[in-house]
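To start, the structure under review is shown below, and the notes come after it.
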Amino acid sequence: MKARERLIVALDVESVDEARALVTALGETASFFKIGMELAYTGGGLDFARELKAAGKRVFLDLKLHDIGVTVERATRQIARFGVDFLTIHAFPQTMAAARQGASDGALKLLAVTVMTSYDDADLKEAGYACGVAELVARRAKQAKEERVDGLVLSPMELATVRPIVGSDMLLVTPGVRPAGADVGDQKRGIM
26 MKARERLIVA LDVESVDEAR ALVTALGETA SFFKIGMELA YTGGGLDFAR ELKAAGKRVF
86 LDLKLHDIGV TVERATRQIA RFGVDFLTIH AFPQTMAAAR QGASDGALKL LAVTVMTSYD
146 DADLKEAGYA CGVAELVARR AKQAKEERVD GLVLSPMELA TVRPIVGSDM LLVTPGVRPA
206 GADVGDQKRG IM
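With positions in the sequence shown counted from 1, the corresponding number in our numbering is that position plus 25.
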């Protein structure tokens, strides 16, 4: 697989015009784009996903769905109609099962978010978790494998731990990878 097919460019901007300008500026350098909540919920954000697909691009819709089962199932089914390649959901067993039901009619692939890369052990402790990030990521990876989701979103620092748990067939997506010297933003567990 070529680098342009493996690199997912985050369109973390506030308008479709800004996103379109970024895609145009990148030209053929990139062919895979992430649309997050910020862009998806603007007027035309989801239509822009369709526009990218029509132009032969791959689209990763990063909405991190997490709700009651029937809502996740129905939302996933509606999102699948946009023809995007990937959708993020939270790696909670009932959420993963419901999303899998909603995506069962098409080619939409599900990526389960283990633990947000902006969280660290202190954040989990503050939220009342009795375990640290590494343990929670491993547990959620095992559950994701059991629920047969297509892939996981996790910190690059956790790849070596998670790959043996999920096997070689599961896709692993790592956000928070930036060039040396770049602003880390809110990332606590990325590679800079």
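Using N, Cα and C, we set each Cβ at its ideal position, and we do this for glycine too.
Restricting to Cα atoms, I'd like to know which of Thr186, Ala128, Arg164 and Met141 is closest to Val174. Among Thr186, Ala128, Arg164 and Met141, the Cα nearest to that of Val174 belongs to Ala128.
Short of 8 Å in beta carbon distance, which residues of its chain neighbour Glu63, apart from the five on each side in sequence? Order them along the chain. Once the five neighbours on either side are set aside, the close Cβ partners of Glu63 are Asp37, Val38 and Glu39.
Which residues share a DSSP beta bridge with Arg83? Arg83 is bridged to Phe57.
What's the C-alpha gap between Leu197 and Lys82? Answer to the nearest angstrom: the Cα atoms are 20 Å apart.
Helix, strand or coil for Ala50? Go by DSSP, reduced to three states. Under the three-state reduction of DSSP output, Ala50 falls in the helix class.
Could you check which residue in Val34, Leu32 and Val178 has the C-alpha nearest to that of Ala116? Answer by Cα proximity: Val178.
Should the stretch 105-119 be regarded as contacting the stretch 130-141, the criterion being three or more beta carbon pairs within less than 8 Å? With the rule of 3 Cβ pairs closer than 8 Å, the stretch 105-119 counts as touching the stretch 130-141.
In the DSSP assignment, the alpha helix (DSSP H) including Leu184 goes from what residue to what residue? Looking at the DSSP string, the run of the alpha helix (DSSP H) that includes Leu184 is Leu184 to Val191.
Pairwise C-alpha distance: Ile93 and Asp145: Distance between the alpha carbons of Asp145 and Ile93: 26 Å.
First through last residue of the alpha helix (DSSP H) which encompasses Thr113: Thr113: not part of any alpha helix (DSSP H); member of the beta strand (DSSP E) spanning Phe111 to His115, first to last residue.
Expected contact under 8 Å - CB spacing of Gly52 and Ile60 to nearest Å: About 19 Å separates the beta carbon of Gly52 from that of Ile60, a gap too long to meet the 8 Å contact definition.
Segments assigned alpha helix (DSSP H), at least 4 residues, entirely inside the stretch 91-152: Inside the stretch 91-152, DSSP marks whole alpha helix (DSSP H) runs of 4 or more residues at positions 94-105, 118-127 and 146-151, from first to last along the chain.
Do you know offhand how far Leu86's Cα is from Ala155's? Just so you know, the alpha carbons of Leu86 and Ala155 end up roughly 31 Å apart.
From what residue to what residue does the alpha helix (DSSP H) around Val162 run? Start and end: Val158 to Glu171.
Using only the alpha-carbon positions, how far apart do Met217 and Gly157 sit? Bear in mind that the predicted position of Met217 carries a pLDDT of just 42, short of 50, making it too unreliable to give a figure here.
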